[in-house]
Amino acid sequence: MRKFLAALMLVLMLCVVASADDDTIKVGVFNCLTGQNAFGGQLELEGTQLAHTLNPTILGKKVELIIVDNKSDKVEAANAVTRLIENDKVNAIIGTYGSSLAMAGGEVAEKAGIPVIGTSCTNPLVTLDKKFYFRACFIDPFQGAGAATYAFRNLGLKRAATLVDMSNDYSVGLGKFFRDSFKKMGGDIVASLFYQSGDTDFTAQLTALIDAKPDIVFLPAYFAEGAIVLKQAKELGAAFKFIGADAMDNPEIVTLGGEAVEGFMHTTFAYDPSMPEMNATAKAFTEEWNKIHPDKAPNVNCALGYDCYIMLKDAIERAGSAEPAKIRDALETIKDLPTVTGMTTINATHDAEKDMGIVEIKGGKKTFVGIVVPEV
Amino acid sequence: MELNIFVQHFINALSLGSLYGLVAVGYTMVYGILRLINFAHGDIFMLGAYFVYFATIVYKLNWGVGVVIAIILTTICGLLVDRIAYKPLREAPRISALISAIGVSFFIENFAVVVFTGMPRPVVQPPILMKPIEFSNGVRLIPLGILVPVVAFLLVGALLWLLYCTKPGLAMRAISFDIETTRMMGVSVNKIIALAFGLGSALAAVAGIMWALRYPRVEPFMGMTPGIKAFIAAVFGGIGSVPGAMIGGLILGFVEIMSVAFFPTLSGYKDAFAFLLLILILLFRPTGLLGEKLEDKI
Amino acid sequence: MRNVRNLILTIIAVVLFAFFLDKAPELLNGYWQRILNLIAINAILALSLNLIYGITGMFSLGHAGFMAIGAYVSALLVLSPAQKNSMWILEDIYPWLLNVNAPFIVSLIIAGLVAAFFGLLVALPVLRLGGDYLGIATLGFAEIIRILITNTARLTNGSLGLKGIPAYTTLFMSWSCLGIVLLCTVCMLRSNFGGVLRAVRDDEVAAKMMGINTFKIKVIAFTLGCFGGGLGGALMGNLITTIDPRMFMITQTYNVLMIIVVGGLGSVTGSLIGSVLVTTMLEWLRFVENPITIGSINIPGIPGMRMVIFSLLLIMVIIFRREGIMGMREFSWNIFFPKKKITDVGSKTETVLELENVKLKFGGLSAIDNLSMKIKHWEIVGLIGPNGAGKTSAFNVISGFYKPTSGTIKFLGKSIGGLSPDEVCKAGMSRTFQNIRLFGNQTVLQNVMIGSRIRQKYSWWMTLLPFVFTDVIKEDAEARAQAMNLLDQLGLDAFADEKASSLPYGAQRRLEIARALATRPRFLLLDEPAAGMNPQESEELMKFIRRLRDEFDLTILLIEHDMKVVMNVCDYIHVLDQGVHIAEGTPAEIKANPRVVEAYLGAGAAEGGAA
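Chains as they are written, first to last, in our numbering: chain A, -10 to 365; chain B, 22 to 319; chain C, 13 to 623.
Written out as structure tokens, the structure reads:
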């Protein structure tokens, strides 16, 4: 036991030797690298790391990325952010996938006065009453309305249903805003069914949906669950269409869902490697990504991870300083900044205002269909 | 509800319930002999599914070969877990082994995140199992939906035969009854326990493979929910009882599907129904449906 | 003297620590303050689960559910109406809830009370279950609670969770809460009531025979533990400042369980050490995920490594220290000082016990058939018969473990047929067991003191604050003195502070009798007191039994195989064979009875005539 402790102490001391000097800008990244949301957090981290590799210096100073895992757990998220601020003395923070984690970390950053840019935490509550929390993504009500608008106006469908993960704030929020917006436009909501995170069998809900005969079902699920839902729907011979949201945006959905995802649509941020016309930032991002990861295509999570870094860089450059308070002020005034996911403007509630895209799976490939303007 | 919709629900429930039963049978196998709630069962189940993924998708092996390899590898992993984490604790208080099982569960999950990453992976579904059979009234059934219950019932039958008609089975039952006396009778207890554990792991692998076929995606945390559900199913049926576990799984499947079928607006409460029923059953039968009654000896 | 010294040392330690906490905001950065906070909260959770599982022996997997209740209750009480108004974006909040508000401390108490109330609701039906079945039932309740929270969005904001909860959990707050919880727990565990809790864990059957209503004790312990769970959850919510249902999954319970097992199940000190260790370890291990440079070798950080290493460490701790760090031991200042020894009591009717046509059937099997007998005061009566004659069954019927199928049992003129063992005990009867059933993990003195619990007047909740309710201290001191006296009389005083299971066999038998005597019975049942004794020991036993009768004014019924003992010590003998009462009489009459000899010859144990 004593030997073991001695060995541990030695390792600890070796770790403390990490040096720090004034000429670096420290950017903390807290994201879910393990735990239930690891698949999303890992992609976003890779996006951020890519942006860092391409822009290793800001204002002539070296940027150091300090990465901590939040284990997809609230307590850990708060600890992780505290650690970044107190131990590593970061200037700004990027993170995280998962709104509840962002809320836990946000409170700590707020008190310490360190700005945070959220990657894909879309719950409206994340930035509510927060001076220091920003995000690179739009929020759930906007996206729910977007899916409803596309289904009702563009596709001309009148009967809709929702299938929602009751234990997921993202899913519940989107489902609610979809229903409200669809009804407001004059459509009918014929059924509203629920499941719980971790479920893998959706046949009961799907059979009940088949019974209700909707034209389209809104499925605000994570892609891993979504692909399984689509597969089972096909097995049961469901005749209705499905529309999802940005959490379905992952190239793996085609490998997971196979033929069953053909014709599936989802709203997302205005970026997809299949886009015919890309802005310069998006083009650069796609090329560099493909160089580093030849075996996997980028998705919006990667793009948002990248965009956070770009937004931070823009803010620091305009502020002319890496002081947290000044970065915050500059972040508030981001306007029409070209990012991978289109032009980004930060609005009064610190959410990104940007275009919403529609992607459809055609011929086993994600295809960017166009932009939709939600009727909120 | 129209009849055809009800029949469809019934088929769904049978398919889900027998899957739960399959996982629960492995669970109850280990419990019955070692009196150890093997919290790592769900994770061994996950390993089984991953091995199939690697065999069929990464190494592009034939599907049948892949399944056999996966079962063998999973069994080896299960035996290793037993050897390293449980065997030193055979004589220890049961809670120690339980915490060790939680440790193993954490370890396997996080090891999987490190090695396999958190990204969900697809699994090959042999097309022959997936081609839907459509009946005239719109009810649909995929061959896999029949295969799962068939495999489950066959395995339960085989296990019962093993337990009640063979010598090792007799030894296993003897160990679960009284480990010390069995040792005295000259049975090599460690070998039999290893056999039981290997069997439990092989069953977990079969369940994992079936699960991955039915819900074709593997990820490091896929064992968590089935693990807990199987635990419930095993308790429903009376933990330690093989047919009980199967019945428990079926009941659980039917409760989950039928609660959604009859009360679609309450589908968010699905799991609560299952737990409520479990507690009610336990109140009337404190050791599950087919569990042996434990008399406190005075 | 020793107690005064220990008290002074404790006060000094507490003051020093309070001083440290007071200065902590200046000494430590926010990160370390947060970890200190978490340690205190984890310790509260661990202490409360330890009370349920470690001390009272109920396997509960439901702690996360009670934490959730506490966290939500407290959060809903401390959030301002304006905050609530802006947070319920999906469904409207219940109007009455909007203006419900309470100060933080009040909210903590209410959180604990609501959790305890739910705990009580859960306990009443499910605590009848034993072992793993109890575990799964409590796990089920915790999950139901979580699902309810997810689905009742108007009350809880559903899966969106609550945020912006004021960060009231300061170091001062969390550590004072821990201080109070710790003080109450230690006081309770040190009182005789604490001994009762452990007795229920060690041997429920024997505890019942000590006149303890074990179900009630379990309900009390479970409810108290749930209070702690709710309190911990509330503090946690006010530390993290945001909560949602997914925070309270089964893994949360695993965490607490881990702490108490690593620390030592049943040890308060262990729970504290465990929470310090597990909390700091998890944070400290973060370094393995950072890139490490050793010399010229660069190891990139691997996400997930931390939990891999943590789980390996956990398995190692369990394998190499299976009892946990503290086992069941507790910290005491005495370990710093050399050990010293310490050294210091307790009416007539004609018929005491009367059985009339008592029958006991298990299914179709008849264990006792029409047993009738009368036992008079001051008698020592033997109950003999070959194996399987139904002697122990008769004991179990008399002492309330089995309900007679028919017939009446009168004790001191009152019918006791169908009463539970604890009620029978209160009526003035006590017994020992064939296979000794001591509370093995407790000291000899504690074992005996449990026997006097039925005569103590203070209520369990007074033990939480013994300084206020001084009756606790007074009565416990009395009980201790009486117990010491008993030990003295039975020649066990030298063993008073030894663990009961470490005693030699003969002493264990005597201890069991001492424990039975502590309930001040008028009637004592001895189940094979001479089993496993050599001739010399049984010689002493015979004298001992007579002395017992004389000194404690007892009537004694004993089962015994050793005919020498029976014939010498008993005034009167009843003989059973296959559940049937075949003979009774004085030892001389029994020896001459052909039916008895026949019954014994059949069983091949006819040395009855040796004496």
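Note that CB positions come from ideal geometry on N, CA and C, so glycine has one too.
Could you check where the beta strand (DSSP E) with A:THR328 kicks off and where it finishes?
326 to 328
Are A:MET345 and A:GLY87 touching if we call contact CB-CB under 8 Å?
no
Leaving out five residues on either side along the sequence, give the residues of the same chain with a beta carbon under 6 Å from the beta carbon of C:GLU103.
ALA165, ARG166, listed in sequence order.
Taking 8 Å as the cut-off, does the segment 391 to 398 of chain C touch the segment 175 to 188 of chain C (at least 3 CB pairs, one atom from each stretch)?
no
Provide the residue span of the beta strand (DSSP E) that contains B:TYR48, from first to last.
Here B:TYR48 belongs to no beta strand (DSSP E); instead the alpha helix (DSSP H) covers 24 to 55.
Compare the Cα-Cα distances from B:TRP84 to each of B:PRO241, B:ARG204, B:LEU150, B:TYR107 and report the closest residue.
In terms of CA proximity to B:TRP84, B:LEU150 leads the group B:PRO241, B:ARG204, B:LEU150, B:TYR107.
For B:LYS152, does the count of other Cβ atoms within 10 angstroms reach 16, so buried, or fall short, so exposed?
exposed
Is it the case that the Cβ atoms of C:VAL587 and C:GLU596 are separated by a distance below 8 Å?
yes
Per DSSP, C:THR363 forms a beta bridge with which residues?
In the DSSP output, where bridge partners are listed per residue, C:THR363 has C:LYS388.
8 Å Cβ cutoff met for A:ASN44 and A:GLU33
no
Quick one: does A:ALA67 have its CB under 8 Å from some CB of chain C?
yes
Chain-ordered chain B contacts of C:THR162 [CB-CB under 8 Å]:
The contacting residues are GLY289.
When the cut-off is 8 Å and only beta carbons count, does B:TYR48 lie next to chain A?
no
Cα-Cα, which of A:ASP303, A:ALA101, A:ALA201, A:ASN288 is closest to A:THR333?
It is A:ASP303 whose Cα lies nearest to the Cα of A:THR333.
Does any residue of chain C bring its CB to less than 8 Å from the CB of B:PHE156?
no
So, with DSSP's three-state summary, where would you put C:VAL357?
Since pLDDT at C:VAL357 reaches only 29, below the 50 mark, its modelled position is unreliable, and the value read off the structure follows with that caveat. DSSP places C:VAL357 outside both helix and strand once states are collapsed to three, so it counts as coil.
Short of 7 Å in beta carbon distance, which residues of its chain neighbour A:ILE347, apart from the five on each side in sequence? Order them along the chain.
TYR139, MET254, THR256, VAL358, GLY359, VAL361
Taking C:ILE262 as the query, report the chain B residues whose CB atoms sit under 8 Å from its CB, ordered along the chain.
ILE249
Can you give me the Cβ contacts of B:GLY38 inside the same chain, cut-off strictly under 6 Å, excluding the 5 residues immediately before and after it?
GLY270, LEU271, GLY274, PHE275
From what residue to what residue does the alpha helix (DSSP H) around C:VAL300 run?
Counting along the chain, C:VAL300 falls outside any alpha helix (DSSP H), and DSSP gives it neither H nor E.
If you compare alpha carbons, which of B:LEU176, B:ALA179, B:MET205, B:ILE214 is closest to B:VAL194?
According to the sequence shown, residue 194 of chain B is Arg rather than Val. Taking only the C-alpha atoms, the option nearest B:ARG194 is B:ILE214.
How far does the beta strand (DSSP E) with C:LEU538 in it extend, from its first residue to its last?
Counting along the chain, the beta strand (DSSP E) containing C:LEU538 begins and ends at 535 to 539.
Give the residues of chain C in contact with A:GLU75, contact being defined as C-beta atoms less than 7 Å apart.
ASN41, GLY42, TYR43
Please state the DSSP three-state secondary structure of C:MET461.
helix
Going by the CB atoms, is the gap between C:GLU368 and C:GLY430 shorter than 8 Å?
no
Spell out whether any CB of chain A is found under 8 Å from the CB atom of B:ARG194.
no
For chain A, find out if any of its Cβ atoms is closer than 8 Å to the Cβ of C:MET319; answer yes or no.
So, interface residue.
Three-state secondary structure (DSSP) of B:PRO143
strand
How big is the Cα-Cα spacing for C:LEU537 and C:VAL581?
14 Å
Residues near C:GLY69 by beta carbon distance below 6 Å, same chain, minus five either side:
ARG213
4-residue-minimum alpha helix (DSSP H) runs that sit fully inside the segment 237 to 292 of chain C, ordered along the chain
Given a length threshold of 4 residues, each whole run of the alpha helix (DSSP H) inside the segment 237 to 292 of chain C is given here in chain order: 262 to 275.
Looking at the structure shown, is A:MET345 part of a helix, part of a strand, or coil, going by DSSP?
strand
Specify the secondary structure class of C:PHE423 as computed by DSSP and reduced to three states.
strand
Is C:THR382 helix, strand or coil by DSSP?
Looking at the sequence shown, residue 382 of chain C is not Thr but Asn. Strand.
Looking at A:GLU96 and A:GLY252, is the spacing between their C-beta atoms short of 8 Å?
no
Which residues in the same chain have their Cβ closer than 6 Å to the Cβ of C:VAL288, if we skip the five residues on either side of it in sequence?
ILE51
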